[in-house]
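A quick write-up on the structure given underneath.
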Amino acid sequence: MEFQVKKAFFKADTVDPFTGLPIYVFDSNYLPNLEGLECDKRTLEELMMKAFKRIIQRVPNAPYSLVCFTSGFKSFNGSNNGASWVTLLKCYQLFPQAFKENMKKAYVVHESWIVRSFTQILTNVVQLKKFKRDDGKIQYCRDLTELSKFVDITKLRISLAVYLYDLEFADKLIIPYTVKHNSADYLQYRGLIEERILTRLLLEGDQYPLVFTRPGSQRKLNILADAIERGHYLDLSQWDIYVMGTLCLTTLRKRDEPLIDIDLIELPIRDDLNYTLMTFHRMQLSDESYLLFARLHEIWINMCSKSETTRHDLKSISKAVTPGLCKERTSLKNNDRLIIGQRFIKNLLEYWTEIDKAHSKSKPSEVVIKVEKRKERPDPPPSRKVSFKTNGVEFRTIPSRPLPEVPDTTSRTVSDSSTLPVSSLPVENNNSTELLTIDDVDIGSNRSTQTNQVLTDATTSLNKMPMPTVKRPKPITKFAEGYSSIEGKKKVSKLAQLYEERLVGLQILDEIEKKG
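Residue 273 is where the sequence shown starts when you use my numbering, and the numbers rise one by one after that.
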């Protein structure tokens, strides 16, 4: 069974403001998952105790404060897997007394019934002072919002399981402090997060189908987006690749300017290198935007190269990323603009190798592009020439020629691949329905006398049949007759198991009381 001890117990990058001591985090969600395991109680307890022995090796031998996320103890229900409060007592007994004394303050988050029972037993039965609520050594926090009043939680690595469990108590995490989004530290943090997201998409995006098309979980996406806005310390490996893809497109849509401006794409679109290069250079992307698009191109081409797994080609990937790159809403009203952007982005991805080479050789303004002369609008006539004489003020002008008629250019020409408005398409009338009418028929008049006679005979024969009598159960007069032998054995076995567990728990408590 996999057990990530480094994620279960670790040192945070902050200190406790009340004690000035370093903070260590214990996340019970990384304990071995006991649900669904077909093992006996003894084997399960051994697995859990081995996990806690590995945690003990990471406990500091110096004073510290502890933040304990207890949502992972929900599997200690004592019903199917056998883990109960006695198992928790056995694990607590493994800790040396010196480690217990070094914990000067603890913050217990998401207090569950098993944790409450455990602390009450140690407080009332063993009478341990460290678990009393009134001494201030242990602070119980209902949710992450309450924890943020005592500790800077943005410096804590909080797992996705804790975030999801916290949603059961509060719809949104609200902290009493904010971060300046225009500060140098936050901009550097934001750049590192975006780089990690792009790296994750490049390494794992070709291993899953329909990334960027299939949306990620909205709850997980909201948690991740809110954490980035807070400048929170994050472990992005806990979010799946579909959330990464959705967040990438959302980030592109929130940029100040679109990477691909549809208004700069002239119609009709031509599917050739010269037109694509000319249009792309007209957009005049900054160096940062250019490098971003180059990185995205690498991710998307990598997905298209493994189309059997990703189920993506240039057409499908361009359709999925067009709303994000162009900052356009996906709607029927905006469909024509999306089709224009989708076609241009497809060509851009196809000819990107040649475009990148042309960009690396010289600046976009110095690139010589051979483009066919446009026939839609003629060149304007040359300017008038003026000749002067040096021996006088007389000057002579060349007679002007009539200007050629300029054709009307208010309406653009539409290429073969351009789409017509939806309203121009013929619509078939599918709402026409045929009404089926049923003639009024006198049912009573069509019945035959023979049929009525058969019904009368059947009714008479049924009335003559004797009614079945229902036997009432015999009343139970003895206690032993009230339960079956099988059910009784199950109840006795369950009671014996609970009694044995209680005796073991009392023995452990007695040992803890003698040592403490």
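Ideal Cβ placement from N, Cα and C applies to all residues, glycine included.
In this text the structure is predicted, and so the values were computed from the model without any measurement.
CA-to-CA, the gap between L506 and Q460 works out to about 14 Å. Less than 8 Å divides the Cβ of N374 from the Cβ of Y336.
The alpha-carbon separation between Q392 and L361 amounts to approximately 12 Å. Residue pairing by DSSP places K377 opposite S337 in a beta bridge. For F282, the beta-bridge partners assigned by DSSP are V297. The beta carbon of V515 sits closer than 7 Å to the beta carbons of G488, S489, K492, L493, L496 from its chain, once the five residues preceding and following it are set aside; these are given in chain order. Contact check for A630 against L428 fails: the beta carbons are separated by 8 Å or more. Between E626 and L545, the beta carbon gap of about 6 Å places them in contact (Cβ cut-off 8 Å).
No residue range can be given for I447, since it is assigned to no beta strand (DSSP E) and is classified by DSSP as neither H nor E. Just so you know, the alpha carbons of L521 and V593 end up roughly 7 Å apart.
For C413, no alpha helix (DSSP H) run applies; the uninterrupted beta strand (DSSP E) run containing it begins and ends at 410 to 413, by DSSP. Looking at the DSSP output, V287 sits in a beta bridge with P294.
Between G344 and D415 a beta carbon distance of about 16 Å is seen, past the 8 Å cut, so the two are scored as non-contacting. Close CB contacts of R468 within its chain, under the 8 Å cut and outside five residues either way in sequence, are with L508 (chain order). About 5 Å separates the CB atoms of Y480 and I513; that is less than 8 Å, so the two are in contact. For secondary structure counted as the alpha helix (DSSP H) over 4 or more consecutive residues, the stretch 536 to 605 holds these complete runs in sequence order: 545 to 554, 559 to 577, 579 to 582, 586 to 598. Under the DSSP assignment, S489 falls outside any alpha helix (DSSP H); it carries neither an H nor an E label. The Cβ atoms of T291 and K376 lie closer than 8 Å to each other. Nearest in C-alpha terms to W624, of all of L586, C598, N607, is L586. V331 carries a coil assignment under DSSP once its states are collapsed to helix, strand and coil. Going by DSSP, S632 is part of the alpha helix (DSSP H) stretching over 624 to 633. By the beta-carbon neighbour count (other beta carbons within 10 angstroms, threshold 16), Q276 is exposed. Annotated as proximal: P530 and K599, with beta-carbon spacing under 8 Å. Around the CB of E538, fewer than 16 other CB atoms lie within 10 Å, so the residue is classed as exposed. Here S603 has no same chain residue with a Cβ atom under 7 Å from its own Cβ, once five neighbours each way along the sequence are excluded. The Cβ atoms of V423 and D288 lie closer than 8 Å to each other. In this structure, K346 keeps its C-beta atom at 8 Å or more from the C-beta atom of A378. Judged by DSSP secondary structure, D457 falls within the alpha helix (DSSP H) whose first and last residues are 456 to 476.
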